[in-house]
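Student: Sharing a structure, written as structure tokens. Questions coming.
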Amino acid sequence: MARFDPQELEKFWREQNPRRRALRARIDEMRLPCAVAIENLSKEMNLGNLIRTANAFLCGEIVLIGSEAFDATGSGQIHRFERMRHFPDGDAFEAYARQAGYTIIAVEIGGRAELLPRFRHPQKPLFVLGSELYGLSDELTARADRQVMIPQYGLIPCLNVNVSCSIVLYDYVTRVHPELAPAPVEGAKYKLDPGSGQSG
Numbered sequence: 143m144a145r146f147d148p149q150e151l152e153k154f155w156r157e158q159n160p161r162r163r164a165l166r167a168r169i170d171e172m173r174l175p176c177a178v179a180i181e182n183l184s185k186e187m188n189l190g191n192l193i194r195t196a197n198a199f200l201c202g203e204i205v206l207i208g209s210e211a212f213d214a215t216g217s218g219q220i221h222r223f224e225r226m227r228h229f230p231d232g233d234a235f236e237a238y239a240r241q242a243g244y245t246i247i248a249v250e251i252g253g254r255a256e257l258l259p260r261f262r263h264p265q266k267p268l269f270v271l272g273s274e275l276y277g278l279s280d281e282l283t284a285r286a287d288r289q290v291m292i293p294q295y296g297l298i299p300c301l302n303v304n305v306s307c308s309i310v311l312y313d314y315v316t317r318v319h320p321e322l323a324p325a326p327v328e329g330a331k332y333k334l335d336p337g338s339g340q341s342g
């Protein structure tokens, strides 16, 4: 288990070789004007996997609200390449989101939620997801500008939080940024980094 530590991350990048620093700069140039916020996830593996998802869809940043623990193995260590922030509570989170110009969107099942296929994404969305057991808190849901939910048709009452995040980000990227070309393919994998798999 790891915790978000900006000082440790800064030290890590000071010690990296030029190829890795150049790759991080390249990713930063490609990032989209969207973000994902996570409130108190109780399963560190889910948060690690969600960080991978955010990277796959070029999220501008990942915001942790409350809990800051995650499984670094689940993230494939990609968390080191991400832009991450941590806020202890909803007040601090909302103050930052408003200052940064985000539209806060609660990804949560509910009466006021818009169905994702009909949802018109704002210019700078910040998608907020909640814990696996309890969903997004009433407090953060109330702070959101809008609410969206993924339509379901079977017996399962809700989706895994990382699955929900993946679907919402895929919808956002493909509908709002259709001009984006996918990363190059090698075999059965995407390979953005020509040196991935090499030492260093």
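In my numbering, the protein residues as written are 143 to 342. Backbone N, C-alpha and C fix where the C-beta goes; we use that ideal spot for every residue, glycine too. Quantities reported herein were computed from a predicted structural model and do not represent experimental measurements.
What is the DSSP secondary structure of Thr-316, counted as helix, strand or coil?
Tutor: helix
Student: Which residue wins for smallest C-alpha separation from Trp-155, given the options Glu-250, Thr-283, His-221, His-263?
Tutor: The shortest CA-to-CA distance from Trp-155 to any of Glu-250, Thr-283, His-221, His-263 is the one to His-221.
Student: Grab me the residues of Ser-306's own chain with a C-beta within less than 7 Å of its C-beta, minus the 5 sequence neighbours each way, in chain order.
Tutor: Val-249, Leu-271, Ile-292
Student: Any idea which residues DSSP pairs Thr-245 with across the strands?
Tutor: Paired residue(s): Pro-267.
Student: Identify whether Asp-147 lies in helix, strand or coil by the three-state DSSP scheme.
Tutor: coil
Student: Mind checking which residues open and close the alpha helix (DSSP H) that includes Arg-163?
Tutor: 160-172
Student: What did DSSP end up calling Lys-153 once you bin it into helix, strand or coil?
Tutor: helix
Student: Please state the DSSP three-state secondary structure of Ser-273.
Tutor: Three-state DSSP puts Ser-273 in a strand.
Student: Around the Cβ of Pro-267, are there at least 16 other Cβ atoms within 10 angstroms (buried) or fewer (exposed)?
Tutor: buried
Student: With C-beta atoms as the reference, is Leu-322 less than 8 Å away from Thr-195?
Tutor: Going by C-beta atoms, Leu-322 is not nearer than 8 Å to Thr-195.
Student: What do you get for Leu-192, buried or exposed, if any count of 16 or more other CB atoms within 10 angstroms of its CB means buried?
Tutor: Burial call: buried.
Student: Just the C-alpha distance for Asp-231 and Arg-288, rounded to the nearest angstrom, thanks.
Tutor: 19 Å
Student: Quick one: using the 10 Å Cβ neighbour count with 16 as the cut-off for buried, is Ser-338 buried or exposed?
Tutor: Residue placement at Ser-338 cannot be trusted, given a pLDDT of 47 that sits under 50; the coordinates are not used to answer.
Student: Taking only the alpha-carbon atoms, compute the straight-line gap between Leu-174 and Cys-201 and give it to the nearest angstrom.
Tutor: 6 Å
Student: Please list, in chain order, all residues of the same chain as Phe-229 whose beta carbon is under 6 Å from its beta carbon, the five residues on each side excluded.
Tutor: Ile-207, Phe-235
Student: Mind pulling the beta strand (DSSP E) runs of 3 or more residues that sit fully within the region 183-220?
Tutor: 203-207
Student: Are at least three pairs of beta-carbons, each pair with one atom in the region 273-283 and one in the region 166-185, less than 8 Å apart?
Tutor: Three or more beta-carbon pairs separated by less than 8 Å link the region 273-283 to the region 166-185, which places the two stretches in contact.
Student: Taking 8 Å as the cut-off, decide whether the C-beta atoms of Ile-246 and Ala-255 are in contact.
Tutor: No Cβ-Cβ contact shorter than 8 Å links Ile-246 with Ala-255.
Student: Which residue from Asn-304, Phe-261, Gly-253 puts its Cα closest to that of Ala-284?
Tutor: Gly-253
Student: Who pairs with Lys-333 in a beta bridge, going by DSSP?
Tutor: In the DSSP output, where bridge partners are listed per residue, Lys-333 has none listed.
Student: Select from Glu-186, Ser-217, Ala-177 the residue whose C-alpha is nearest the C-alpha of Arg-227.
Tutor: That would be Ala-177, whose Cα lies nearest to the Cα of Arg-227.
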